[in-house]
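Protein chains in written order, with the working numbering: chain R, 1 to 161; chain U, 1001 to 1788; chain W, 2001 to 2288. Cβ atoms here follow ideal geometry from the backbone N, Cα and C, with glycine treated the same way. Below: one structure, written as structure tokens.
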Amino acid sequence: MEISVTMNGTARTADVEPRMLLAHVIREEFGLTGTHVGCDTTSCGACTVLLDGSPVKSCTMFGVQADGHEVTTVEGLAGADGLHPVQVAFQEEHGLQCGYCTPGMMLVGAALLERNPDPTDDDIRWAISGNICRCTGYMNIVKAIQTAAKAKAAAPAAATA
Amino acid sequence: MATEAHEDQAEIRGIGHSVKRKEDARFIRGKGNYIDDIHLPGMLYMAILRSPFAHAKLNGIDASRAQAVPGVVAVVTGELMAQHNLAWMPTMSGDTQAVLVTDKVRFQGQEVAAVIAEDPYVAKDAVELIDVDYDALDVVVSPQQALASDAPVIRDEKDGQTDNHIYHWESGDADATDRAFADADRVVSLDTFYPRSHPAPLETCGCIADVDGATGQATIYMTSQAPHAIRTVFALVAGLPEENIRIVSPDLGGGFGNKVPVYPGYVVATAASLLLGRPVKWIEDRSENLISTGFARDFHMHGELALKNDGTMLGLRTSLLADEGAFHADAQPSKFKVGLFHVVTGSYDMSAAHVVADGYYTNKAPGGVAYRCSFRVTEASYLIERLVQNAAYELGMDPADLRKKNFIRKDQFPYETPTGFVYDSGDYHGAMDLALEKIGYAELREEQERKRAEGKLWGIGLASFTEAVGAGPHKDYDILGLKMNDGAELRIHPTGKGILKISSKTQGQGHETTFAQIVAEEIGIQPEDIKVQHGDTDNTPYGLGTYASRSTPTVGAATAMVSRRVIEKARKIAAHLLEVAEEDVEFTRPTFSVRGAPDKAVTIQDVAFAAYTNFPDGMESGLEAAYYYDPPNLTFPFGTYAVAVEVDRETGVWQVTRMVAVDDCGVRINPMIVEGQIHGGLTEGYGIAAMEQITFDETGNCIGSNFIDYLLPTAVETPRFELGETVTPSPHHPIGAKGVGESATVGSPAAYVNAVIDALWPLGVRNIDMPLTSAKVWEAIEAAKAPA
Amino acid sequence: MLPSRFDYHRASSVEEALSLLDDYGEDAKVLAGGQSLIPLMKLRFVSPGHLIDIDPIPGLDGIEEREGSLALGALVRHNQLASSEIITNGYPTLAAAAPQIADPIVRNLGTIGGSLAHADPAGDLGSVMLSMGANVVLRSSSGERVVPIGEFLVDTFTTSITPNELLTEIRIPTPPPRSGGSYLKLERKVGDFATVAVAVTLSLQDGTVGSAGIALTGVGLKNIEAAEAAASLHGTAPTDEAFAEAGRLAAAASNPVTDVRGTDTYKRHMVEVYTRRGLATASAMAAG
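Rendered as structure tokens:
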């Protein structure tokens, strides 16, 4: 089945079997391997992408369901003027170790800051509670999202995803 | 071309600097290169059929329906593997393991057959169409069942194997321990089970085998923490010439021990690629990862601690039952059958100890790995720290005081333990005092009294662990005969930049940054100018890989030593450039200067250029060296963790209100990364204490086969950590570092459990085995209420 | 874990969906948010021949009060519930449950209709609806019927929906003034299915309990309405004793089994505790 998706701002089409999961469409058809698969049971969030701006688990969606929608992956986080503040902050605050959960965590962080520009520690922890990290103990992920919030507040014009 | 020595020089960001990680540049852009990201032309996909039974005779396999599915290229069975003498493979513990079943299945999830197809979805479709005829057999799911005289013999294919016993192992001095116990006023004992858990890295295991039929070259991309060891094992298993095997371990999405062993899937994919002449990719799904690859722990422990009434510890006795699963596949040093469990005397000075252990086969997944742990140090630390707390209460002492009374004192190092370890250095009182101060121990105890008076359950738990990491010295440490030594090669290019090639393999620990910092510290080239290469056996020196907190103790040492070798040569070149004798050259990184004439100087960059352009007659060109490091001893990181909890008496729900972790891992190379490692370890320790476990029902069904049942803590449950540090360098390590990746997973489970037991002690609760689910906590409270 | 093949049909209107159901009924599954269905398909526990995607149907995601009820379109997402002012102001049981369903990312896609039609005994919304006396609207090409939630939820993963019907709307009676509600859920971690959860809806009238609804999650073959426990409260003063008695009755109505989450004894005990605590919370809220 032919689908049209706005992938990271670019119109893309693909001919996919209906059973092909969105995660695989992104990885195999569009060649964007920053979206990872970690668990198969909608538990870990490594495959998180933004669908029309909201985080969804792309292993629990068929690619055909994304037809006509906008999908943002980690590869689409950076803008023309450089890295997204969340990306900068994850490196700055050591918010990642093995890097496998990182794309999902950053996308959730970026989406959170769109609707809550000044989240508390608890807000962030609840927002990322659909994403598992095995390396960081979450401490520095929370810190990174807070740092990104401050950076966005300091430079609001340059800081939209 | 000599430059001014006092030219504006940036500070060298060597040891002690929180340098931002070099590897992050790719990860934050989604440009990591994990196994499943690799695509080779003409690649096929493999899916494995696994046994639904835990123990069953295999009567036959009919693959005709699967074979007929369009897109299926081949179905591989044990029979086919046997034709190539590949139906069985050696394990890391010198046992054998079935690659694909030929006679009977021995655990649920065991590999029965594999489909190779043009598409991964089609491969899964075809797996469902393989018909297997089984006869179910009686099942053994615990060592207690395994040792019964009428238990079915799981490994009946082994010559001379008439029961399920694998090994008996002892350490320490039984007679001396008996004497210590005879002198005791009190003996405190504890029976506890450390449940089966799984490292569960967020990325599962997988490989792409690419065997070139024309040249015999086998390139195998593999999620491996130990690529060199794997290459040698592959050479032994498959009979391939080792120079034709190249193992490439790409970016790993975590490992925690899970990616040390050789798994049947790797062998089948390689055989399939060899037979079909095309690359074959195999990526486990999560369920396959949890039900068939390296588990951890599953260890039944009995411990007895002998004490005087004043709290003086005299001796320790332990007896242990290890549930090894269907094949003895522990990844650990050959000489030590229960790993380094004999470090069980922990941080305490006592005269005698005796460890007795027996390992058994059961119908459960094989592959005991040390989940973020140095070979069962975790189990040892848990047992002693639980025993010490219970002993304190029985003696009417504060657990902090009992620990301090018995700690090995700073002036006793190096300290030889009753089981033969020689602890390198320590300041246990210092770490404990800092932890107590940070958490406000005295005030918390007062608060606890007030809360208890109000009927509330508050608890404070401590754990003062000592780890044994960095295996290890060649006289004692090998795996399958391969000495556990590691290497580093350093080459400085003409422009003063360099490449460091190491035998370790990062899985998130940040080797590309920290190892460059060690070079920076030693030779004065900034870490961003040193590329660190690892994971590719064709392009890195031999070594046994990254696990058991061994990278810094072994490869970190090799890196420092190889840097010093480079400096030795650089000094000669500097002398040549400065036109003085070598003895007259002083090196203060990054500058070589003339003794007594500091203005006459050249930098390491100048020397590097000269190494290729202007070196003395009779000298080889270039500036490079290699070093293989044989550690003189293990290193012994330590620390004290303090946890405060609240327990809801009515529901058994408990919550961590404070968590203070003071770690001493010797010199910290990159403090930011060290703290990140500790955060992660404390979280996995919490997961183990609170929720992670794999259990089996009586028919051998695995419960815990996905992340719905195998629970990993999210940001909401995970405690907020407060860290502290003391620094006691290792005297024998070239840079004084000890390794830190696993300390927090080793030390913290006992701290969490001790806190909950501390809360419940007045109610009469003496022990709850992990994980401390609210249900188990409530039941323990209820059981304590019931009249005895 | 990859699903089997199926034919995919996209419905752009309820009528089109109903016509597709007429064509493929027995061999079809309705796909809404997919957060329960797709995991089961990946595990190949279900392998329908046809999927009818109703997600694109406009107008099925409304949240509005009409004729004394809250009408929720079947495609309302869990996160919409949590952020709706109508719900946070007037439907406290639902407001309490919404942020506890699954995890925040699943809630972005998971729908209220899909969740109820899935009929998982560990599902949260079934109990919420039972405690509030909700009805579901089932449409087919031959008409529409309104079914009380208690009749809709038949058994584990089984509802009274027929293969040619589509759940289009959920109607919750608007609670009277001086109402309160709570949803207490014991989960081992965020995203876990409930070990035990209790939904409580209660209103006060002249200092006594007017109406009450209590329903239980995870302690039987379906969400259980603890009718006797609720009835015991009618006309009584909202006291700790009355709540404790209701807790005991609710525990007696539960039928849990021992598993890795806990023993049946523990779960029954937790029903008692959470019913009591939930009633106290709801009562305090109603008393304002």
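A Cβ-Cβ distance of about 5 Å is found for the pair Phe1638(U) and Asp1664(U), placing them in contact under the 8 Å criterion. Ser1504(U) sits away from Pro1541(U), with the two beta carbons spaced by 7 Å or more.
Where Met1089(U) is concerned, the enclosing beta strand (DSSP E) starts and stops at 1088-1090. Listed along chain U, the residues sitting closer than 8 Å to Val2190(W) by beta-carbon distance are Thr1714, Val1716, Glu1717.
Contacts between Ile3(R) and chain U, judged by CB atoms closer than 7 Å, are missing: the closest CB pair is about 17 Å apart.
Only those residues of the region 2256-2268 of chain W whose C-beta falls short of 9 Å from the nearest C-beta of chain U are listed: Asp2259, Val2260, Arg2261, Gly2262, Thr2263, Thr2265, Tyr2266, Lys2267. Straight-line spacing of the CA atoms in Leu113(R) and Gln146(R) works out to 9 Å. Any Cβ of chain U closer than 7 Å to the Cβ of Val2273(W) would place that residue at the interface, and such an atom is present. Contact between Ile128(R) and Ala1715(U) holds, since their C-beta atoms are separated by about 5 Å, short of 8 Å.
Around the beta carbon of Val2257(W), a 10 Å sphere encloses fewer than 16 other beta carbons of the protein chains shown; the residue is thus reported as exposed. Taking a Cβ-Cβ threshold of 7 Å, the residues of chain W close to Ile1703(U) are Val2260, in chain order.
Short of 7 Å from the beta carbon of Glu1157(U), and not among the five residues preceding or following it, lie these beta carbons of its own chain, in chain order: Asp1103.
As computed with DSSP, Val2200(W) is found in a beta bridge with Ser2182(W), Ile2214(W).
In the DSSP annotation of this structure, the continuous segment of the alpha helix (DSSP H) that includes Gln2080(W) starts and ends at 2078-2083. Interface criterion not met: the Cβ of Ser54(R) is under 7 Å from no Cβ in chain U. No Cβ of chain R is located within less than 7 Å of the beta carbon of Lys2185(W). Contact annotation: Ala1737(U) and Val1667(U) have beta-carbon atoms nearer than 7 Å.
Within the same chain, and ignoring the five residues on either side of Met1313(U) in sequence, the residues whose Cβ sits closer than 6 Å to its Cβ are Leu1307, Tyr1348, Met1350, Asn1406. Of all alpha-carbon atoms in Pro2048(W), Leu2125(W), Gly2133(W), Ile2087(W), the one lying nearest the alpha-carbon of Ala2212(W) is that of Gly2133(W). Per the Cβ contact rule, the region 1746-1761 of chain U is in contact with the region 1642-1658 of chain U (3 or more Cβ pairs under 8 Å). Taking a Cβ-Cβ cut-off of 7 Å, the neighbours of Thr1695(U) in chain W comprise Val2260, given in sequence order. The secondary-structure analysis by DSSP pairs Thr1695(U) across a beta bridge with Ile1703(U). Contact annotation for Leu1711(U) against chain W: Arg2188, Lys2189, Asp2192 [CB-CB distance below 8 Å, chain order]. For Gln1161(U), not one C-beta of chain R is nearer than 7 Å to its own C-beta. Where Tyr1045(U) is concerned, there is no enclosing alpha helix (DSSP H), although the beta strand (DSSP E) around it starts and stops at 1044-1050. Nearest neighbour of Tyr1686(U) by Cα position, chosen from Tyr1415(U), Phe1609(U), Ala1661(U), turns out to be Ala1661(U).
Contact between Val1127(U) and Gln1517(U) does not hold, since their C-beta atoms are separated by about 47 Å, which reaches or exceeds 8 Å.
Tyr1194(U) is bridged by DSSP to Phe1299(U). The bridge partners DSSP lists for Gly1487(U) are Tyr1628(U).
By the Cβ-count criterion, Val2146(W) is exposed, with fewer than 16 other Cβ atoms from all chains shown falling within 10 Å of its own Cβ.
The beta carbon of Ala1063(U) is closer than 6 Å to those of Val1075, Ile1130 in its chain, skipping five residues each way along the sequence. The contact set of Pro1120(U) on chain W, defined by CB atoms closer than 8 Å, consists of Leu2002 in chain order. Cβ-Cβ separation between Ile2087(W) and Ile2112(W): approximately 11 Å, too far for a contact (criterion under 8 Å). Around the beta carbon of Ser1149(U), fewer than 16 other beta carbons sit within 10 angstroms, so the residue counts as exposed.
Scanning its chain for C-beta atoms nearer than 8 Å, with the 5 sequence neighbours on each side dropped, one finds around Tyr1415(U) the residues Asp1349, Ile1408, Val1422, Tyr1423, Gly1426, in chain order. Within the region 22-101 of chain R, the complete alpha helix (DSSP H) segments at least 4 residues long are 85-92, listed from N- to C-terminus.
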